[in-house]
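See below for the structure under consideration.
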Amino acid sequence: MSFNSIIFILLFLPILLFFTYISKKEYRNYIILLFSIIFYFWGSTRSLYIILISLIVNYFIAVMMYKKIFKTSKIIVFIAVCLNILILAYFKYFNFSISIYNDTIGNIIDRRIHIRDMIIPLGISYITFQQISYIVDVYRDVNKVMINFFEYSLYVLFFPRVIAGPIIQYSDLRAQLRDRIYSVDKFSEGIYRFSIGLGKKVILSSVLEDVANRIFAMQPNELGFIYAWFGAIVYTLQIYLDFSGYSDMAIGIGYMIGFKLPENFNRPYISKSISEFWKRWHISLTSFFRQYVYIPLGGNRGSYKRTLFNNFIIFFISGLWHGANYTFIVWGIYYGVLIILERIGLKKYLDKLPGFLSQVITFVIVAIGWVIFRSDNISYAWKYIKTLFNLHSYENMSFLKLGADSKFWIIFVLSLIISILPDLSTVIRKKMDNSIIYLVKYVFSLIILIYSIAIISTGTFNPFIYFKF
């Protein structure tokens with residue numbers, strides 16, 4: 365079940381809200397947990413039991429550490445973290461490892477291993493990291509253990525974020541799991557954020573996706589550098605609107621049922637450096653790697669070379685986390701190298717440039733990264749990037765052939781405005797009366813919601829990009 369499906373918007377969500385608001389305060393967590401299980405079961409029937417086993421094991425490990433059943437918790441937390449990583453590695457990377465073996469040793473000795481079909485449990489990447497953060501925080505005494513099993517289950521299976529984040533640390537939800545505020549303002553804000561997120565996905569991203577898919581289905585030498593750059597920019601906008609749209613919807617649902625979830629994006633394409641971009645893009649993932657990988661490795665407390673190495677490692681792991689493909693690994697290495705270059709002097713040069721120019725350069729660097737990310741294989745990515753810089757490659761084709769009709773160009777311009785220009789809502793709030801702003805805001809969100817539902821009802825279903833991660 366997806367947030368941008370009719371069954372979710374017109375059936376699942378209204379029923380959840382109805383039972384949540386008619387229930388007594390002490391029963392609301394159970395209602396939300398039940399609906400979270402239904403949501404997960406609907407999307408991944410065969411793998412629900414794997415997640416439940418993982419949940420139970422992690423729950424008891426944390427409780428045993430809290431009750432000091434073992435003489436030393438250090439070994440237990442190490443085993444728990446390794447166990448979580450092994451489960452993730454098995455489902456996401458086992459077949460990838462077999463394919464590497466087949467391509468190397470298997471070819472040499474002429475003996476290949478059959479790759480079997482494997483269903484990856486829904487949201488396993490996010491659930492794994494969330495449980496690791498909880499176990500480690502309990503061990504560090506940063507958070508108190510959750511003795512209530514149902515409370516822990518809700519923390520892990522909380523459906524708004526289970527598929528594509530944000531990765532929520534227990535400290536962000538602890539107080540809200542036990543006591544949270546329900547209000548008209550909070551509910552209204554939830555509808556607004558949900559509608560905006562749905563609009564980003566259905567009205568904008570889906571139109572961009574159609575053109576991006578056509579371009580990336582072609583061979584780079586068929587495009588020429590103009591259309592290659594066009595495709596890179598279109599996909600750059602698409603993935604932001606798709607992913608941030610999901611996050612907006614998750615935050616909106618959270619508000620509607622009383623929760624305040626952390627923001628996951630902060631206008632990343634206005635960044636003036638790569639390091640700033642990663643402070644604004646997928647914030648919860650960056651925060652996780654900083655707290656549970658970068659700092660344990662020594663952070664910036666060691667030697668200069670060690671600090672550079674630590675930075676490189678977190679981006680390498682980030683690339684690997686995104687999926688079992690060489691392209692994701694290279695994408696992570698790409699950013700690891702860029703961060704190192706910034707630390708050894710590139711950022712100083714960017715800082716000296718006019719703000720707009722450094723923003724454009726950063727956007728171009730990020731767009732090249734998305735080409736690697738979007739490509740099916742390294743060979744295609746390399747050919748595409750070469751085409752980007754081959755000024756002599758030109759193909760005489762029309763944008764219309766790529767699906768870029770008049771409707772597309774309107775969507776494209778709107779997407780650029782939303783993604784690249786400064787936050788216009790802040791400027792508007794300073795100029796207008798609050799009551800007028802609220803009226804316009806909620807009328808606008810209602811129009812977006814109705815229009816999005818109309819599109820979904822008559823169109824094809826497009827899943828969110830980050831669902832597969």
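The numbering of the sequence shown is my numbering, which starts it at 365 and goes up by one.
We put the CB at the ideal spot given by N, CA and C, even for glycine.
Item	Value
Tell me which residues share the same chain as L374 and place their Cβ nearer than 8 Å to its Cβ, disregarding the 5 neighbours each side in the sequence.	I817
Need the endpoints of the alpha helix (DSSP H) that A592 sits in, please.	588-620
What's the call for K716, buried or exposed, on a 16-neighbour Cβ count within 10 Å?	exposed
According to DSSP, simplified to helix, strand and coil, what is Y358?	Any property of residue 358 remains undetermined from this structure, which presents the chain solely from 365 to 833.
When you compare only the Cα positions, how much space is there between K771 and L810?	22 Å
So, is T726 buried or exposed, given that buried needs 16 or more other C-beta atoms within 10 angstroms?	buried
Shortest alpha-carbon distance to Q602 belongs to which of A731, L587, S437?	A731
From L710 to I499, what distance separates their C-alpha atoms?	38 Å
Pair every Cβ in the segment 629-638 with every Cβ in the segment 584-593, then say whether three or more of these pairs are closer than 8 Å.	no
For R850, which of helix, strand or coil comes out of DSSP?	Residue 850 is absent from the structure shown; the chain starts at 365 and stops at 833.
If F834 sits next to I615, beta carbons under 8 Å apart, how far is it from one beta carbon to the other, in whole angstroms?	Residue 834 is absent from the structure shown; the chain starts at 365 and stops at 833.
Please confirm if the segment 530-539 is in contact with the segment 505-512, defined as three or more CB-CB distances below 8 Å between the two stretches.	yes
Out of G767, Q533, V566, which one is the CA nearest neighbour of A835?	Within the shown structure, residues of the chain are numbered from 365 to 833, placing residue 835 beyond reach of any answer.
Give me the Cα-Cα distance between Y815 and S569, rounded to the nearest whole angstrom.	14 Å
Got a sec? Which residues, its chain only, sit under 8 Å from I567 by beta carbon, not counting five neighbours each side?	I775, I812, Y815, S816, I819
Ends of the alpha helix (DSSP H) at G563?	548-563
Would you mind stating whether Y619 and G554 have Cβ atoms separated by less than 7 Å?	yes
Could you have a look at T468 and say whether DSSP puts it in helix, strand or coil?	coil
Are the CB atoms of V735 and Y744 nearer to each other than 7 Å?	no
Any contact of the segment 520-534 with the segment 480-495, i.e. 3+ C-beta pairs under 8 Å?	yes
Report the option in D740, I617, N675, I742 whose CA atom is closest to the CA atom of P378.	I617
What's the C-alpha gap between D574 and V728?	22 Å
Span of the alpha helix (DSSP H) holding P378?	377-386
Just reading off the alpha helix (DSSP H) that N368 is part of, what are its end residues?	Where N368 is concerned, there is no enclosing alpha helix (DSSP H), given that its DSSP letter is neither H nor E.
Helix, strand or coil, according to DSSP, for R542 in the structure here?	helix
Is the Cβ-Cβ distance between W685 and F737 less than 7 Å?	no
What three-state label does DSSP hand G709 in the structure shown?	helix
Going by the beta-carbon positions, is the gap between S387 and I396 smaller than 7 Å?	no
Taking 7 Å as the threshold (C-beta atoms), are S369 and I483 in contact?	no
In three-state DSSP terms, what is E390?	helix
Apart from the five residues on each side of it in sequence, which residues of its chain come closer than 8 Å, Cβ to Cβ, to Y758?	G588, F589, I590
Pick helix, strand or coil for Q533, following the three-state DSSP scheme.	coil
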